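Chemist: In our numbering, the protein residues as written are 417 to 907.
After the structure tokens below, expect a handful of questions from me.
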């Protein structure tokens, strides 16, 4: 039996357009929720299938850019395939399937309103992530980066309460402000210096810029990529936790924040070049800032009683691992950062979905309210425990490998203090994640908590159970993932 396969670029365009088709379907079938949600799920499966076709056709090779049209000399709207972008597309499109299933269960179980509008914006966001993943130059990436910001604003403001409106405005102000004032300035400056914005192996700046300009330009990019949540431009992420949990799960554990650190890696690897950063020492200040963000955000997380806010500050800390990997300016650091995109996405989406399942079933948001809940929701809290161990970095969970590679990167560059930072970070992860599980399973059960099995609806507990299993599977395929990403650091 033969299966029809698309050529690579057709599959790429289909992967970007199918979420738009899902968006149109949500609006067309807005009054028929079963048809609407099934159609969106079908589009999600087809999108993931298109990305897998690209993987089958290309593997971890790098393809030549294909231009849609020229914008001005040296800059096109263009796309290509390379390992880091393909990995990001696989993660985002694959987890879209589970998050859509989860979102249906959450929105119905929590009696949320405006489902069609919610899922339509969700679809636009996914399409923009695919565009970011396959952009072949900084200009194309920037356009989709901004579409992602605008399309997720209604999702953050979805509930329409004064608190959600304030959170959404903070979200939009910081992300738009940093990207227009800083990132766009860096992009224009790069074009003036080099005459191109193409992502090029080894970077495009070597021989074109020297001296103080290099760290200043890197600073404009680092702070302009607000979605990376690097301190002090991190407050949008806790503010966005007013959004429904499916938004927090995919867009703030995978798509939005990962678009930020993915862009950070692309800039470091393909605009500056790892060797150029190492030779100039231009990224050393960024390494220390990332190290500070890792520790400071973890400490703040320990004092958050609201579960989603604790997870938000955890995300700020974990994102800085990826920035740190780029700033180490070593092959191992860059590979560790790339692998952490996958490992953290699987772990953190599990934690957010568990938080949402708890809210749907018992309407509890504060950690202090979750005493004894593990007896009633054993699957949910078991998934939370597994994902927590992955975030901490303990084997046999996937999150252990990126930390190991980052430590190797620190050894390669002689920054031994960074090893201590990473070890301290793991201890802090233990301090703010495991007490949640301990409280749920081992403290006496209050009178208002059922003594018998009482999970959320299956659509709310099955997806995090599957992603928790994914955290274990990724541990055993870490070598394959590292080999897949290796071309990004080859000369």
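Note that CB positions come from ideal geometry on N, CA and C, so glycine has one too.
Quick caveat, the model's predicted, so the values are computed rather than measured.
Just how far apart, CA to CA, sit residue 682 and residue 554?
Modeler: One-based indexing of the chain shown puts residue 682 at position 266. One-based indexing of the chain shown puts residue 554 at position 138. Rounded to whole angstroms, residue 682 to residue 554 spans 9 Å at the Cα level.
Chemist: Closer than 6 Å by C-beta to residue 891: which residues in its own chain qualify, once you throw out the five before and the five after it? Chain order, please.
Modeler: Numbered from 1 along the chain shown, position 475 holds the residue referred to as residue 891. Result list for residue 891: 812, 813, 814, in chain order.
Chemist: If we call anything under 7 Å between Cβ atoms a contact, is residue 431 one with residue 459?
Modeler: Working through the chain shown from its first residue, we reach residue 431 at position 15. Working through the chain shown from its first residue, we reach residue 459 at position 43. No, they are not a contact pair.
Chemist: With 16 as the cutoff for other CB atoms within 10 Å, does residue 390 come out buried or exposed?
Modeler: Outside the displayed range of the chain (417 to 907) lies residue 390, so it cannot be described from this structure.
Chemist: Counting only C-beta atoms, is residue 744 closer than 7 Å to chain D at any point?
Modeler: Included in the structure is just one protein chain, with no chain D present.
Chemist: Measure the C-alpha to C-alpha separation of residue 526 and residue 532 and round it to an integer number of angstroms.
Modeler: Residue 526 sits at position 110 when you count from the first residue of the chain shown. Residue 532 sits at position 116 when you count from the first residue of the chain shown. Their Cα atoms are separated by approximately 15 Å.
Chemist: When you compare the CB positions of residue 570 and residue 539, do they come within less than 7 Å of one another, or not?
Modeler: Taking the first residue of the chain shown as position 1, residue 570 is located at position 154. Taking the first residue of the chain shown as position 1, residue 539 is located at position 123. Their beta carbons are not under 7 Å apart, which means residue 570 does not touch residue 539 by this criterion.
Chemist: Apart from the five residues on each side of it in sequence, which residues of its chain come closer than 6 Å, Cβ to Cβ, to residue 721?
Modeler: Stepping through the chain shown from its first residue, residue 721 is reached at position 305. Cβ neighbours of residue 721 beyond the five flanking positions: 782, 783, 784.
Chemist: Entirely within the segment 443-516 and at least 4 residues each: give me those alpha helix (DSSP H) ranges in chain order.
Modeler: Qualifying alpha helix (DSSP H) stretches, in chain order: 449-474.
Chemist: Quick check: does the Cβ of residue 548 come within less than 6 Å of any heavy atom belonging to the ligand FAD?
Modeler: Although the ligand FAD was asked about, the structure shown includes no ligands whatsoever.
Chemist: With DSSP collapsed to three states, give me the class of residue 551.
Modeler: Walking along the chain shown from the start, residue 551 turns up at place 135. Residue 551 falls in the strand class under three-state DSSP.
Chemist: Please state the DSSP three-state secondary structure of residue 722.
Modeler: What you label residue 722 is simply residue 306 of the chain shown in a count that begins at 1. In the structure shown, residue 722 sits in a strand (DSSP, three-state: E or B).
Chemist: Residue 474 to residue 500, Cα distance in whole Å?
Modeler: Working through the chain shown from its first residue, we reach residue 474 at position 58. Working through the chain shown from its first residue, we reach residue 500 at position 84. Roughly 13 Å between the two C-alpha positions.
Chemist: Quick one: is residue 749 buried, meaning 16 or more other Cβ sit within 10 Å of its Cβ, or exposed?
Modeler: As a working note, residue 749 is residue 333 in the chain shown. With 16 or more other Cβ atoms within 10 Å, it is buried.
Chemist: What are the partner residues of residue 782, as DSSP defines its beta bridges?
Modeler: Taking the first residue of the chain shown as position 1, residue 782 is located at position 366. Answer is 722.
Chemist: Please report the residue range of the alpha helix (DSSP H) in which residue 632 lies.
Modeler: Here residue 632 refers to the residue found at position 216 of the chain shown. From DSSP, the alpha helix (DSSP H) with residue 632 extends over 629-640.
Chemist: Tell me the rounded alpha-carbon separation between residue 655 and residue 585.
Modeler: By one-based count along the chain shown, residue 655 stands at place 239. By one-based count along the chain shown, residue 585 stands at place 169. Rounded to whole angstroms, residue 655 to residue 585 spans 9 Å at the Cα level.
Chemist: Between 628, 629, 567, 622, which has its C-alpha nearest residue 667's C-alpha?
Modeler: The residue given as residue 667 occupies position 251 in the chain shown. Ranking 628, 629, 567, 622 by Cα distance to residue 667 puts 567 first.
Chemist: What's the gap between the Cα of residue 519 and the Cα of residue 624?
Modeler: Looking up residue 519 in the chain shown gives position 103. Looking up residue 624 in the chain shown gives position 208. Approximately 48 Å, taken between the alpha carbons.
Chemist: Let me know if residue 557 comes out buried or exposed under the rule of 16 or more other beta-carbons within 10 Å of its beta-carbon.
Modeler: Along the chain shown, one-based indexing puts residue 557 at 141. That one is buried.
Chemist: Report buried or exposed for residue 779, applying the criterion of at least 16 other Cβ atoms within 10 angstroms of its Cβ.
Modeler: Translated into positions along the chain shown, residue 779 becomes position 363. Burial call: exposed.
Chemist: Find out if the Cβ-Cβ distance for the pair residue 745, residue 694 is shorter than 7 Å.
Modeler: Counting from 1 along the chain shown, the entry for residue 745 is found at position 329. Counting from 1 along the chain shown, the entry for residue 694 is found at position 278. In this structure, residue 694 lies closer than 7 Å to residue 745 by Cβ.
Chemist: Could you tell me which residues DSSP pairs with residue 614 in its beta bridges?
Modeler: On the chain shown, position 198 is the one that residue 614 refers to. Residue 614 pairs with 553.
Chemist: Indicate the three-state DSSP secondary structure (helix, strand or coil) for residue 622 in the structure shown.
Modeler: As a working note, residue 622 is residue 206 in the chain shown. Residue 622: coil per DSSP, three-state reduction.
Chemist: Classify residue 510 as buried or exposed, calling it buried when 16 or more other Cβ atoms lie within 10 Å of its own Cβ.
Modeler: Locating residue 510 in the chain shown gives position 94, counting from the first residue. The residue is buried, with at least 16 neighbouring Cβ atoms inside 10 Å.
Chemist: My output table needs one value for residue 831: the three-state DSSP class, helix, strand or coil.
Modeler: As a first step, residue 831 must be located in the chain shown, where it is residue number 415. In the structure shown, residue 831 sits in coil (DSSP, three-state: anything other than H, G, I, E or B).
Chemist: Terminal residues of the continuous alpha helix (DSSP H) containing residue 907?
Modeler: By one-based count along the chain shown, residue 907 stands at place 491. Premise fails: residue 907 is in no alpha helix (DSSP H) and is neither H nor E.
Chemist: From residue 417 to residue 561, what distance separates their C-alpha atoms?
Modeler: Taking the first residue of the chain shown as position 1, residue 417 is located at position 1. Taking the first residue of the chain shown as position 1, residue 561 is located at position 145. Only weak support exists for where residue 417 lies, its pLDDT of 33 falling under 50; the value from the coordinates is given anyway. Residue 417 and residue 561: Cα-Cα distance of roughly 41 Å.
Chemist: In three-state terms, what does DSSP make of residue 668?
Modeler: One-based indexing of the chain shown puts residue 668 at position 252. Note: residue 668 maps to helix in three-state DSSP.
Chemist: How is residue 870 classed by DSSP in three states: helix, strand or coil?
Modeler: Position 454 of the chain shown holds residue 870. Reduced to three states, the DSSP call for residue 870 is coil.
Chemist: Tell me whether residue 453 is buried or exposed, calling it buried when 16 or more other Cβ atoms sit within 10 Å of its Cβ.
Modeler: Your numbering for residue 453 matches position 37 in the chain shown. Looking at its Cβ environment, which holds 16 or more other Cβ atoms inside 10 Å, residue 453 is buried.
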